[in-house]
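Residue numbers (the working numbering): 69 to 254.
Think of the CB as a built atom: it goes at the ideal place given N, C-alpha and C, for glycine as much as any other residue.
All of these numbers come straight from a predicted model, not from anything done at the bench.
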């Protein structure tokens, strides 16, 4: 009876708030490869996921739009945690539909030159990762992935609140690192 009650509760929660209840790409799925114009500290370069994964896990996070309140909070949170990600051998890349000129500024001011942000103006990356906002299709929804060096999704988290993305992805990386001690930190 308790098991059935818990199952019904989980289903009701999922139906009440589908953005909190499901990960966009399932854990274990192949992470779509991509390259995109990006900016780190105002410097433009081409970010290539395959190249970044050679160095270790990548935290790929999607956000609606640069310089909005929630996205500014989230970018600052990721910037403050950059050393924690590096200690776990991971890097961070944020993706939005903003143009590269906007992201050059955002990478300096809100990302504080600590991690890169990529422009996905045609939304190809957002579509590949099922990260297009349901109600505002010109924006990304707020979803964070941990992509493992084997090019698989190791963790996914969706919530329009920016508050738990950093803590959750850091914990997912710690858990992965603990279960893969033979994987050296880069």
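In its own chain, which residues sit with a C-beta less than 7 Å from the C-beta of residue i, not counting the 5 before and 5 after it?
i: residue 207; result: 132, 133, 165, 201
i: residue 121; result: 215, 217, 219
i: residue 92; result: 197, 198, 199, 211, 224, 226
i: residue 141; result: 230
Check the C-beta distance from residue i over to residue j and give it rounded, since I have them as a contact under 8 Å.
i: residue 271; j: residue 110; result: Lying before the first or after the last residue shown, residue 271 is absent from the chain, which here runs from 69 to 254.
i: residue 212; j: residue 129; result: 4 Å
Looking at residue j and residue i, is the spacing between their C-beta atoms short of 8 Å?
i: residue 95; j: residue 224; result: yes
i: residue 195; j: residue 97; result: no
i: residue 105; j: residue 187; result: yes
i: residue 113; j: residue 161; result: no
i: residue 193; j: residue 107; result: no
For residue i, which residues of its own chain have a beta-carbon under 6 Å away from its beta-carbon, when the five flanking residues on both sides are left out?
i: residue 147; result: 179, 180, 182
i: residue 100; result: 196
Could you check what DSSP says for residue i in three-state terms: helix, strand or coil?
i: residue 127; result: strand
i: residue 174; result: helix
i: residue 226; result: strand
i: residue 92; result: coil
i: residue 119; result: helix
i: residue 149; result: coil
i: residue 187; result: strand
Assign residue i to one of two classes, buried (16 or more other C-beta atoms within 10 Å of its C-beta) or exposed (fewer than that).
i: residue 210; result: buried
i: residue 248; result: exposed
i: residue 235; result: exposed
i: residue 226; result: buried
i: residue 135; result: exposed
i: residue 205; result: exposed
Among residues of its own chain, excluding the 5 on either side of residue i, which ones have a beta-carbon nearer than 8 Å to its beta-carbon?
i: residue 238; result: 149, 152, 153, 156
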